[in-house]
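In full-length UniProt numbering, the protein residues as written are 1 to 121. Just below is one structure, and these are the notes that go with it.
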């Protein structure tokens with residue numbers, strides 16, 4: 001697993017299980033919040049990269065990010081091994097409540113500490 005420096009920006013081909021840190025606040029969620037990619041899908045305007053959707057460790061689904069938004073608003077930290085197939089917002093929330101993401105978020109916290117990122121959990 002390759003991790004990167006917290007201030008490093010790259011064009012990333014995201015996949016489910018990628019761990020990111022937000023670089024700005026989203027609603028009540030402050031900049032520095034830790035999140036995981038739970039879905040990727042094609043952006044109709046470009047061939048790659050794809051649009052991604054992320055869920056914060058507190059369970060907030062803060063939506064989808066196109067390539068520009070990914071570059072401006074997210075910092076990639078690493079990847080955890082999780083198999084998740086998104087089906088609906090209600091199923092995502094049920095899976096979160098049922099603890100499906102607990103192990104992945106615990107690993108995400110370790111990754112953020114390894115790269116020296118002060119994350120809001």
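In this text, a Cβ means the ideal position worked out from N, Cα and C, and glycines have one as well.
Next on the checklist: Using 8 Å as the cut-off, can you tell me whether the stretch 63-76 makes contact with the stretch 91-106, which would need three or more C-beta pairs spanning the two stretches below that distance?
Outcome noted: Output reads no: the stretch 91-106 does not touch the stretch 63-76.
Checklist entry - What's the C-alpha gap between residue 82 and residue 107? => result Your numbering for residue 82 matches position 82 in the chain shown. Your numbering for residue 107 matches position 107 in the chain shown. So the alpha carbons of these two residues sit roughly 11 Å apart.
Next on the checklist: Short of 6 Å in beta carbon distance, which residues of its chain neighbour residue 86, apart from the five on each side in sequence? Order them along the chain.
Outcome noted: Translated into the one-based positions of the chain shown, residue 86 becomes position 86. 38, 39, listed in sequence order.
Item to check | Residue burial classification, residue 25 (beta-carbon count within 10 angstroms, cutoff 16) | outcome: Within the chain shown, residue 25 is the residue found at index 25, counting from 1. So residue 25 ends up on the exposed side.
Item to check | Reduced DSSP secondary structure (H/G/I, E/B, other) of residue 82 | outcome: Taking the chain shown and counting its residues from 1, one reaches residue 82 at position 82. Coil, per DSSP.
Next on the checklist: Quick check: residue 20 and residue 77, are their CB atoms within less than 8 Å of each other?
Outcome noted: Residue numbering aside, residue 20 sits at position 20 when the chain shown is read from its first letter. Residue numbering aside, residue 77 sits at position 77 when the chain shown is read from its first letter. Contact: yes.
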